[in-house]
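Inspection log for the structure reproduced underneath, given as structure tokens.
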Amino acid sequence: MLSSPVRTLRRLLAATATLTLAVGLAGAAPATATADRDPGGSQPLPGYTIENPPLAPLVVAGRTTTVRQGVHRHAGYIIEVPARWNGDLVLWAHGYRGQGTVLSPEPPGFGLRQRLLEQGYAWASSSYDRNGFNIRSGVLGTKDLADHFGRTVRRPHRTYLAGVSMGGYVIGRSLEQYPGYYDGALPMCGVLGDQTLLDFYLDYNLVAQSLAGVPAYPTPADYLTNAVPRIQVALGLAGLTPTGPDTTTDRGKQLRAITVNRSGGQRPGADAAFAVWKDFLFSISVTSGGDSPAQRPGQLSTNLLTRYTPNSPVNVNATVRRVVPENIWQRLLPTLTEVPHIAGRPTAPVLTLHGLGDLFVPFSMEQAYATDVARHGRSRLVVQRAIRATQHCEFTPAEAGAAWDDLVSWVRTGARPAGDTVSDPTVVARPDYGCRFSDRAAYAAGVGTRRLYAAC
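Positions -28 to -1, 1 to 428 (mature numbering (1 follows the signal peptide of the UniProt record, and there is no 0)) are the ones given, in order, by the sequence shown.
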């Protein structure tokens, strides 16, 4: 799985740091801290605008909800409270929005907005105060909004977190940044393996380049129009589709097998998922000249100690280019950085959902989190569920709704719900893996990528 070699690198490098330097770095002020001429944050940060059109309230049990919208700490927000509020709050953490300059909060997805309100929950959502792959902004913005809710509405009895993708990263770190503040969490398709996601993207491109004999790192300006087409031809990827014939060469098959192993191991739908995502994984590695981790992932990503399998027909472990992070201290710091660590120390029940074939945020993120949580003796606080789907965050309202209901029951009663084993390769490779919590009605209807998997 993704985390092992990189965490070994972390331990090796951390051991060489002096105590004085470590203490000094840990106590340093964040690089993003600036003098704030607008202490209430009623305006967006310079360069940003906020788009927060009026959200029509819903009618629940014959009564209209109350919707509040505004700007707090430079972030747009939405708050919605049902007329018969049960006193609990759910904070929705949105996913990656790219590098655009428009900030916008969003309602909970997958039918959860309606479900929450019907069950009596209030919900709130922050745009965060900036875009990009910036977990620090999400963690702080979500906590700021929770505090704002407590001041302007009422302090909730319980506070939950729910969200998707990068929002799952925000959730994982939030539970550790503010231990005891949140009562339960539902990260879906989440980046729970923290910085190792960037390593996965690096792996794919460096291994493909090595197997094809097309060195192109750092990626040049014409990477997608020159190097990638040559790689695709050499590996037989150009005509590969999820349901068509296997066009890969022997070296292309090796790339696929390595990608499957790096993304969670052999599992149902893995080969079809590779065909779905093979082109995207080239495009995501292209740098855009900016300084954020998403624009220049080489700041944090590494494959220095990674061992790739299978290692034939090409001895890729000997031929692949090895990359050291440009900003090694950003990689190692335990503090809340732009792309921080998730140590694996949740302080409240966590129930996750993850698609088996998702390669934007691969299933290995769940395995990395399970490993870290087990290392700290907190596996009792985590339940993970695999969904037989391939697109990113491809969940149905039934899947998300059942997960939410089970999380709430767990928090209220202490009865831990059922989940899937994610770390046993033999279990994950079973033909029926992921069937238990996947929506069979979605398969029957042919929704999304469900038919890339055998019927359960």
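All C-beta atoms in this analysis are idealised placements derived from N, C-alpha and C, irrespective of residue type, glycine included. On a predicted model such as this, the values are computed, not experimentally measured, just so you know.
Between the Cα of residue i and the Cα atoms of the options, which residue gives the shortest distance?
| i | options | result |
| --- | --- | --- |
| Trp57 | Thr37, Val74 and Pro217 | Thr37 |
| Leu178 | Arg234, Val248 and Gly70 | Arg234 |
| Thr324 | Leu331, Gln339 and Pro312 | Gln339 |
| Leu227 | Ala184, Tyr189 and Ala134 | Ala184 |
| Val258 | Tyr176, Arg317, Val286 and Asp218 | Tyr176 |
| Lys250 | His66, Ile359, Thr213 and Gly67 | Thr213 |
| Gly349 | Gly373, Glu310, Ala315 and Met337 | Ala315 |
| Ile359 | Cys428, Pro192, Thr343 and Leu305 | Cys428 |
| Pro297 | Val286, Pro265, Pro306 and Ser98 | Pro265 |
| Ile107 | Ala375, Val136 and Arg202 | Val136 |
| Leu331 | Ser98, Leu272 and Tyr173 | Tyr173 |
| Leu253 | Ala180, Leu308 and Thr274 | Ala180 |
| Tyr195 | Leu209, Ser255, Arg303 and Gly165 | Ser255 |
| Gly72 | Glu23, Ser98, Ala199 and Arg87 | Glu23 |
| Pro318 | Ala193, Arg45, Gly270 and Gly140 | Gly140 |
| Gln149 | Thr307, Phe335, Pro403 and Asp411 | Thr307 |
| Gln167 | Pro403, Trp301 and Gly59 | Trp301 |
| Leu209 | Ala374, Gly224, Gly216 and Gly237 | Gly224 |
| Glu310 | Phe105, Arg279, Pro397 and Pro151 | Phe105 |
| Gly162 | Gly156, Ile143 and Asp155 | Ile143 |
For a test of the three-state rule: what should DSSP assign to residue i, helix, strand or coil?
| i | result |
| --- | --- |
| Glu366 | coil |
| His120 | helix |
| Thr385 | helix |
| Arg422 | helix |
| Leu158 | strand |
| Asp404 | coil |
| Arg9 | With a pLDDT of only 47 at Arg9, under the threshold of 50, the placement of this residue in the model should not be trusted; the figure read from the coordinates follows. Note: Arg9 maps to coil in three-state DSSP. |
| Thr4 | Below a pLDDT of 50, predicted positions are generally treated as unreliable, and Thr4, at 30, falls in that range; the measurement from the model is reported next regardless. The answer is coil: DSSP assigns Thr4 none of H, G, I, E or B. |
| Arg45 | coil |
| Gln226 | helix |
| Ala134 | strand |
| Gln356 | strand |
| Arg412 | helix |
| Thr215 | coil |
| Val380 | helix |
| Val394 | coil |
| Val31 | strand |
| Thr21 | strand |
| Val39 | strand |
Compute the beta-carbon to beta-carbon distance between residue i and residue j, rounded to the nearest angstrom, for a pair I have assumed lies under 8 angstroms.
| i | j | result |
| --- | --- | --- |
| Pro321 | Leu353 | 6 angstroms |
| Ala47 | Tyr132 | In fact, because the Cβ distance is near 19 angstroms, the residues do not count as touching under 8 angstroms. |
| Gly329 | Ala361 | 7 angstroms |
| Trp376 | Leu61 | At roughly 14 angstroms, the Cβ-Cβ gap does not stay under 8 angstroms, so Trp376 and Leu61 are not in contact. |
| Val400 | Arg239 | 5 angstroms |
Which ranges would you report for the alpha helix (DSSP H) in the region 228 to 301 if only whole runs of at least 4 residues count?
242 to 249, 252 to 255 and 288 to 291
Are the region 365 to 384 and the region 81 to 90 in contact at 8 angstroms, needing three or more beta carbon pairs?
yes
Would you mind listing the beta strand (DSSP E) stretches within the region 48 to 100 that are 3+ residues and don't spill past its ends, in chain order?
61 to 65 and 94 to 98
Along the chain, which unbroken stretches of the beta strand (DSSP E) at least 3 residues long are found entirely within the region 296 to 344?
322 to 327
Evaluate the contact criterion for the region 236 to 255 versus the region 412 to 425: three or more CB pairs, one atom per stretch, below 8 angstroms.
yes
Validate contact between the region 291 to 306 and the region 90 to 98 using beta carbons, cut 8 angstroms, 3 pairs:
no
Would the region 371 to 385 and the region 195 to 206 be scored as touching if the rule is three or more Cβ pairs under 8 angstroms?
no
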